[in-house]
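Enquirer: My structure is below; once you've seen it, I'll send some questions.
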Amino acid sequence: MKYLTDYSNIFTRYDLNIEVARQAARKVSKDELLQKVADSVVQGDDEEAAKLTKQALATKSPMDVINQGLIPGMNEVSRLWDEGVYFLPQVILASDAMNAGIALCEEAMGKAMDKKGKVVTHTAEGDIHDIGQVIVNALLNANGFEVINLGADVPVDKVVEACRVNNPVMVTGTALMTTTMTAFPKIASQLKRLGLNIPFVCGGGAVSEEYVTSFELGIWGKEANQAPGMAEDALSGDNWQAMRGKWNG
Amino acid sequence: MKYLTDYSNIFTRYDLNIEVARQAARKVSKDELLQKVADSVVQGDDEEAAKLTKQALATKSPMDVINQGLIPGMNEVSRLWDEGVYFLPQVILASDAMNAGIALCEEAMGKAMDKKGKVVTHTAEGDIHDIGQVIVNALLNANGFEVINLGADVPVDKVVEACRVNNPVMVTGTALMTTTMTAFPKIASQLKRLGLNIPFVCGGGAVSEEYVTSFELGIWGKEANQAPGMAEDALSGDNWQAMRGKWNG
Amino acid sequence: MKFSSQMAYKSADEMIFGTAIKPVKAKRGLVFGGGHVIPEIVPHPRPGSEKTMKSLLREYERANGDALERCVIVGHPQLLIENEHIFQMTHNPKWGGEIAAQSAKQMDDYLQKYGLKAAYRATIADLRKPDMVNMRDSDYTREVIESFAECAKYADIISIESMGGKEVFDHAIIRNDIAGLLFGQAVLGGIDMEWMWNQIVAIAKKNNCIAGGDTNCAQANTAMFMAGGFISKDVPHTLAALSRAICASRTIVAYECGATGPTKDCAYEDPIIKSVTGVPISCEGKTSACAHADLCGNVIAAVTDCWSNEAVEYHDMFGGTTTAVFTEILGYDVAAMNASIDLGYQKEFQACLVNSDKYRGCHGFMLSPDNAWQIGKALVDNNESLYSRGKAAAIKCGELMLGDPKLKLSVFEKESLEGYMKDMKALPDKEADFIDMCLKKYSKVKGFQPKAYGL
Amino acid sequence: MKFSSQMAYKSADEMIFGTAIKPVKAKRGLVFGGGHVIPEIVPHPRPGSEKTMKSLLREYERANGDALERCVIVGHPQLLIENEHIFQMTHNPKWGGEIAAQSAKQMDDYLQKYGLKAAYRATIADLRKPDMVNMRDSDYTREVIESFAECAKYADIISIESMGGKEVFDHAIIRNDIAGLLFGQAVLGGIDMEWMWNQIVAIAKKNNCIAGGDTNCAQANTAMFMAGGFISKDVPHTLAALSRAICASRTIVAYECGATGPTKDCAYEDPIIKSVTGVPISCEGKTSACAHADLCGNVIAAVTDCWSNEAVEYHDMFGGTTTAVFTEILGYDVAAMNASIDLGYQKEFQACLVNSDKYRGCHGFMLSPDNAWQIGKALVDNNESLYSRGKAAAIKCGELMLGDPKLKLSVFEKESLEGYMKDMKALPDKEADFIDMCLKKYSKVKGFQPKAYGL
Ligand code: B12
Ligand code: B12
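Line order of the protein sequences matches chains A, B, C and D. Our numbering puts the first residue of the first sequence at 148, with every later residue one more than the last. Our numbering puts the first residue of the second sequence at 148, with every later residue one more than the last. Our numbering puts the first residue of the third sequence at 5, with every later residue one more than the last. Our numbering puts the first residue of the fourth sequence at 5, with every later residue one more than the last.
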């Protein structure tokens, strides 16, 4: 078969046009050991992170290991992801590593560390397309939120009940099918009825901005990487109207 | 350029597969002159129809010329059209010829002939796509209905007023644009408010069955050639629900 | 204005998609007819969005933006976006202008951020319905002209689907009346276009904008859609084909007045136009199934320079919004065509497109490059008047259809065509006589005002 | 079941669209892979229509009917209609059966009235989500099997998109974990398919129905869609390409169990499958933009026997309903391909399709016939186990990507790929060792039940 040498009239590799110069993660700690802890997070190496956390805990307080090692490492990863240097798997692996370290610190403290706030996540009733949700979970986690992960195919009542019990700053839903996204307005209206005016971010392939902004509480989530920013807004007290104004329209 | 000799793997000429054997119009009158009148209608020759009608009127009553010459000729055309032998232009031309003859008969009678019933037709406000309506007018006309033709781009109020004044057996609307078809439910609701439960047949490219059957009075018209049959039903007393049941769903 | 007197192409063999004798450059690096085919996407706003200028701006921002974004996602190098004005955009000339400005800005951003080359075509709505307004002297006429002026400031290309002669055509098409088609399409249409296009070309020049072209959508497309597919019985396909041949006499007037192309996508007469004028053309076929069905889905691409979807209402599909979806499809359509050009296989590829439909139906047959060229030739060889060249084109088209045994015609279609041929041969030779005859014959056609055409 | 040990095609050059080594005949005169490409339209019902069997029957009556009608309107000679079951149609096996019966009846009518040749494919929904049910022993499992039995009575073809290994894959794909892909896709997927497809083939035989095929939609397509276009940052395209190569090891199991094709449209691995098995395949590319975007819109048609839109929700467009619109487009797509075959230009046409995308992205590259064939060869040359052949396919795919300088990779993509290659080379040689390793490594993956795979 004949092949061309110049393909410029046929396609453009925009990914190469916009390729982001690689950057190393910055140094985040003056303490050599804590910097190593952070590095293990940046490298997404959960075994290494656990090992180094154990070492660090021998000389440092669990909160210091968390706040000067694990979390600063994760923050670097988030920054590099925001700037387009890192890709999703790097974020997920870093988050796994951070969590491995945090688990050990919590063990050492004898109690769970304080998270920024709770977020309830779920995939709609009848829908098993949960990869979008899995990403959202990981990113929220990586950004210090406590994720109440209800999983896939979750009945409306179960979502509402989880909101009532946990009183999260935000609740999210994912739906990839036009036949399942209809659960979202039902959830919103039950939350309203219970006086739970929790911002309800809905995303997933089937779901359009028009649809989500057609019911109260609803805010449309286009990309999973918006989830942490949205949760920050909710945490800082923005109500659903303010959030919708900012993220949609 | 290279050409094939056998195109059977590329397209199928279904029109040839279903080509209808040609048939001549049948004889409709024993009277030689009236048969000629009918023939002139079948041939769609309005000048000839006028000439022969004048001749016939010298010896026959206007109602005889109409009922035994002009209308039977037109009926033959309708039959051949129904059977797929004739095409639209033949129907329109025949209808023009019949109307030329009828005008002369009416002149001779000194009054308009009785029509089967009135039908108000229009194209929606803001819409100038009126060819569908033009066909509907011609077919209704050809089938003996009195057409109150409001033309294109007709305001909602004008349609409602025409219905109030004329009390037709049926009203039709044509819309080719999604932005103009929204006039139909408005018309329907005003008619309801005035207690005018007239079957309202809506057609035109933009208009779907779902849309038309979503408001009361509405019956969806897929093809212009359904219009005469629908008008017959309305004339025989079917209400809009019965008509919708029959023609839609 | 001078009637074209020779063919731009010496033979149909020289005509190929992607290359025109007179290529046209737009801003941001696009060249139409410069060697490769460019996709043209046409979004249509959703009902309700036309309520305010703000809501309509937002609607186009998304619809056009999604098209640009999809190019970047899948790697399509070039895009032409056409916004066909809805009533409100021309009725309020500022609206059309603002939307053009916004779109140009979006395209500048995409060029800068990603290197995507795009261009914008504003197609003004011809609000002048001949049986309702005076074509040359009405508020609508003034709004149309003002809209051109507003849009020419920002758009790369301006176009229109002009309406002259429509009142007579509508009467004639459902009556098998070939004289009415010649009068409505070729004569009245041509006269109105000359009046209109001299103004459009002047506006374009003043604004350093491209005067694209016109289409006989209002008439030849109506005939084609009424003829429909293989189960319609509204208008014979042979008559629709003659109507198409006739309309070349008027559509070409735009280029005779100075328009340069890219022509309007829905002008199925464009292959004929290209054979005569050499301007880059835009065509639509299979990928405009979203807008209408036709029987020449592939062959119509055989000599095109842009490839369009005609119009798609903006809404969501599983794969994204309709404008994104159709941009992706059009872009892949042209990627294969452009690959064929760069590989040197364009003639083989063209043969596949032509063989797909040349004998599927009358339109595919007459718009096949060889026949389109011959019809163009009849046009220039009989260029005494709008009438004479329109009639010559139609007669040639009829002869071709009757002369090629591979084009199967039903008995009805064939007899109809023989009738039209007889009718045409019985018509007066001179345009003046023909006009006299028609002024009488159509004096009672609803709304026909000879004065509005200077007659 | 025996693992394939040789290639059906001696070289990639012998592979062409429209012709398969083992053509398959359906009722009503259709032959898949018998010399010409057949369009495959897939309608999806609107939300709400699934409420009752009656409303769903009506929805499919229209959606399928519009597709058949459009063929007659524009002259397309052949059509395959696929109905992909929504949840309710498999959960209530009678529903799927009734819809198949109704569709067969519609097709009989169109054959009789117009001479249109059509066939019907029922794709059962695999309701067994591995992390939620026991794959071999659950109510859902029984419903799936029962649905096959119901549909096989009326359908020409039965298919499924099976789910084995999905739980491990989901965990692995977002962690750059190539071992997880090999285990989830090749090993667990292959084991589950053998269990499932022996049953499907038996049901098909009993009912004189065609056992179509399977697809790794649940995994390789998820990877491909996550990799996305040129601005996504979820999964490297190189990893998605490896995931595709790996999945050939499991998708081919259907044919090793006796399925004959036409394969499932969304199985982008099909060109590899065809190179090994010679069964007719169904592919989707540009004209499935209605369902998703991809970077191999044309090249994926290079060796296909059916051409599909993947799925389009039934609703109105200007040009008719979506099923009519996409049937028209698909039909014209294949009309040009079939014209190229009959003209003897199929190799030139194929080159245009391939050159359109071979270097657009990793998927287009590896699915280009030459590379697909080589990956198939690696598969059969290493056919000791599901694992060994999946790994060999992936390594070959990686080598090809790294070895062709025309395939540009970003620094990130390239480094990722080098990492995966290193990881693969470090894996155990023997499947048994690999499985042992994975049973440990993935023991905590949510819902993973080794027993459900007989492990
Ligand atoms: C992978 C896949 C599957 C996998 C799902 C595996 C899984 N665990 O998720 C399997 C094979 C199991 C599957 C099964 C089915 N599928 Co499926 N599937 C897909 C596919 C190919 C990709 C979906 C995907 O994972 N995308 C990648 C993820 C990351 O995207 P995402 O979830 O949309 O998330 C992004 C955003 O939406 C956003 N987001 C999502 N959630 C949230 C939340 C917040 C808070 C925020 C801020 C953002 C956000 O972030 C992400 C991007 O950053 C799509 C095709 C497509 N065009 O989407 C079809 C698709 C969704 N499937 C479809 C269908 C029909 C089915 C089946 C019914 C098929 C069948 N007949 O068997 C079954 C349904 C089973 C069921 N009851 O749910 C249809 C749905 C049609 C519809 N709209 O109704 C689609 C569209 C395919 C098609 N074109 O026909 N499918
Ligand atoms: C011809 C045409 C025109 C002509 C109209 C001439 C005329 N006097 O009608 C002209 C050129 C003037 C025109 C102008 C415009 N048009 Co226009 N036009 C068309 C076209 C090409 C064909 C329409 C047609 O005549 N079809 C043939 C007739 C016979 O079909 P029909 O009316 O639907 O009737 C059939 C059935 O519906 C039924 N029926 C109809 N009425 C009734 C009633 C009853 C009782 C029954 C039983 C049956 C029935 O019977 C007929 C079949 O037997 C369509 C393309 C398309 N896909 O439809 C675009 C189209 C309708 N136009 C369109 C647009 C956008 C425009 C413009 C805004 C373009 C512009 N930018 O200038 C302007 C609008 C002007 C205005 N304000 O109305 C869009 C509409 C989009 C939308 N849905 O909103 C379309 C769909 C083109 C497209 N794909 O984008 N147009």
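Cβ atoms here follow ideal geometry from the backbone N, Cα and C, with glycine treated the same way.
Looking only at its own chain, which residues have a Cβ that is under 6 angstroms from the Cβ of residue 207/C, when we skip the five neighbours before and after it?
Expert: Excluding positions up to five away in sequence, the list reads 152, 153 and 156.
Enquirer: List the endpoints of the continuous beta strand (DSSP E) containing residue 125/D.
Expert: Note, residue 125/D: beta strand (DSSP E), 121-128.
Enquirer: Buried or exposed: residue 125/D, going by 16 or more other Cβ atoms within 10 Å of its Cβ?
Expert: Buried, because 16 or more other Cβ atoms sit within 10 Å of the Cβ of residue 125/D.
Enquirer: At a threshold of 7 angstroms, does residue 436/C count as lining ligand 2 (C-beta to nearest heavy atom)?
Expert: Checking the Cβ of residue 436/C against ligand 2 gives no.
Enquirer: Assess, as a yes-or-no matter, whether the region 347-366 of chain B is touched by the region 314-323 of chain B under the definition of 3 or more beta carbon pairs within less than 8 angstroms.
Expert: With the cut-off at 8 angstroms, the region 314-323 of chain B and the region 347-366 of chain B touch.
Enquirer: Just to make sure I have the definition right: I need the residues of chain A whose C-beta is within less than 7 angstroms of the C-beta of residue 449/C. Which are they?
Expert: Result: empty, since nearest Cβ-Cβ is about 45 angstroms, beyond 7 angstroms.
Enquirer: If we ignore side chains and look at the alpha-carbon of each, how far apart do residue 229/B and residue 280/B end up?
Expert: Looking at the two C-alpha atoms, the distance is approximately 19 angstroms.
Enquirer: With a CB to CB cut of under 7 angstroms and the five nearest residues on each side skipped, what residues in its chain are close to residue 260/D?
Expert: Answer for residue 260/D: 5, 6, 7 and 8, listed in chain order.
Enquirer: Is residue 174/C close to ligand 2? I mean its beta-carbon at under 7 angstroms from any heavy atom of the ligand.
Expert: Residue 174/C: yes, Cβ under 7 angstroms from ligand 2.
Enquirer: Helix, strand or coil: how does DSSP classify residue 452/C here?
Expert: Three-state result, residue 452/C: coil.
Enquirer: Going by the C-beta, is residue 90/D closer than 7 angstroms to any heavy atom of ligand 1?
Expert: Residue 90/D Cβ: within cutoff of ligand 1.
Enquirer: For residue 151/A, go through chain C and note every residue whose CB falls closer than 9 angstroms to its CB, in chain order.
Expert: Within 9 angstroms Cβ-Cβ: 343, 346 and 347.
Enquirer: If you compare alpha carbons, which of 412/C, 49/C, 109/C and 247/C is closest to residue 169/C?
Expert: Comparing Cα-Cα distances from residue 169/C to each of 412/C, 49/C, 109/C and 247/C, the minimum goes to 247/C.
Enquirer: For the beta strand (DSSP E) holding residue 287/C, just list the boundary residues, first then last.
Expert: Unbroken beta strand (DSSP E) run through residue 287/C: 286-288.
Enquirer: Using alpha carbons as the reference points, say which of 251/C, 94/C, 312/C and 227/C lies closest to residue 393/C.
Expert: Of the listed residues, the one whose Cα sits closest to residue 393/C is 251/C.
Enquirer: Along the region 214-233 of chain A, what residues have a CB closer than 9 angstroms to any CB found in chain D?
Expert: If the cut-off is 9 angstroms between Cβ atoms, the region 214-233 of chain A has 228, 231, 232 and 233 near chain D.
Enquirer: Quick one: residues in its chain with C-beta nearer than 8 angstroms to the C-beta of residue 174/B, no 5 flanking neighbours on either side, listed in chain order?
Expert: Closer than 8 angstroms at Cβ, skipping near neighbours: 182.
Enquirer: Which runs of the beta strand (DSSP E) at least 3 residues long sit entirely within the region 156-225 of chain D? Give them in chain order.
Expert: Counting whole runs of 3 or more residues, the region 156-225 of chain D contains the beta strand (DSSP E) stretches 161-164.
Enquirer: Exposed or buried, what is residue 366/A when buried is set at 16 or more other beta-carbons lying within 10 Å of its beta-carbon?
Expert: With 16 or more Cβ atoms within 10 Å of its Cβ, residue 366/A is classed as buried.
Enquirer: Would you mind telling me which residues of chain B sit closer than 7 angstroms to residue 320/D, beta carbon to beta carbon, in chain order?
Expert: Within 7 angstroms Cβ-Cβ: 355.
Enquirer: Would you say residue 357/D lies against chain C (beta-carbon separation less than 8 angstroms)?
Expert: Chain C contact via Cβ: present.
Enquirer: Determine the closest residue to residue 374/A out of 244/A, 300/A, 284/A and 359/A, with distance taken between C-alpha atoms.
Expert: The residue with the shortest Cα to Cα distance from residue 374/A is 284/A.
Enquirer: Report yes if the C-beta of residue 280/A is less than 7 angstroms from at least one heavy atom of ligand 1; otherwise report no.
Expert: Checking the Cβ of residue 280/A against ligand 1 gives yes.
Enquirer: Would you mind sorting residue 261/B into buried or exposed? The rule is 16 or more other CB atoms within 10 Å of its CB.
Expert: When all chains shown are included, residue 261/B counts as exposed.
Enquirer: Please name the residue, chosen from 449/C, 116/C and 68/C, that lies closest to residue 106/C on a Cα-to-Cα basis.
Expert: If we check each option's Cα against that of residue 106/C, 68/C comes out closest.
Enquirer: Put residue 353/A into one of helix, strand or coil per three-state DSSP.
Expert: Coil, per DSSP.
Enquirer: Please state the DSSP three-state secondary structure of residue 419/C.
Expert: Note: residue 419/C maps to helix in three-state DSSP.
Enquirer: Given this structure, state the Cα-to-Cα distance separating residue 356/C from residue 326/C, to the nearest angstrom.
Expert: One C-alpha to the other measures close to 28 angstroms.
Enquirer: Since residue 243/A and residue 191/A are thought to touch, with beta carbons under 8 angstroms apart, how far apart are those beta carbons, to the nearest angstrom?
Expert: Yes, residue 243/A and residue 191/A are in contact; Cβ-Cβ is about 7 angstroms, under 8 angstroms.
Enquirer: Please determine whether the Cβ atom of residue 152/D lies at a distance below 7 angstroms from any heavy atom of ligand 2.
Expert: Result no, Cβ not under 7 angstroms from ligand 2.
Enquirer: Report yes or no: is there a C-beta of chain B within less than 8 angstroms of the C-beta of residue 119/D?
Expert: So yes, residue 119/D belongs to the interface.
Enquirer: Start and end of the beta strand (DSSP E) containing residue 200/A?
Expert: That residue, residue 200/A, is in no beta strand (DSSP E); its alpha helix (DSSP H) goes 193-204.
Enquirer: Closer than 8 angstroms by beta-carbon distance: list the chain A residues that pair up with residue 81/C, in chain order.
Expert: Chain A residues near residue 81/C: 155, 156, 157, 158 and 159.
Enquirer: Under 7 angstroms, CB to CB, which of the residues in the region 351-380 of chain C have a partner in chain D?
Expert: Listed by position along the chain: 352, 353, 355, 356, 357, 359, 360 and 364.
Enquirer: Would you report the Cα separation of residue 216/C and residue 339/C, rounded to the nearest angstrom?
Expert: When rounded, the distance between both Cα atoms is 24 angstroms.
Enquirer: Are there three or more Cβ pairs, one per stretch, closer than 8 angstroms when the region 12-29 of chain D is compared with the region 46-55 of chain D?
Expert: The region 12-29 of chain D vs the region 46-55 of chain D: no contact.
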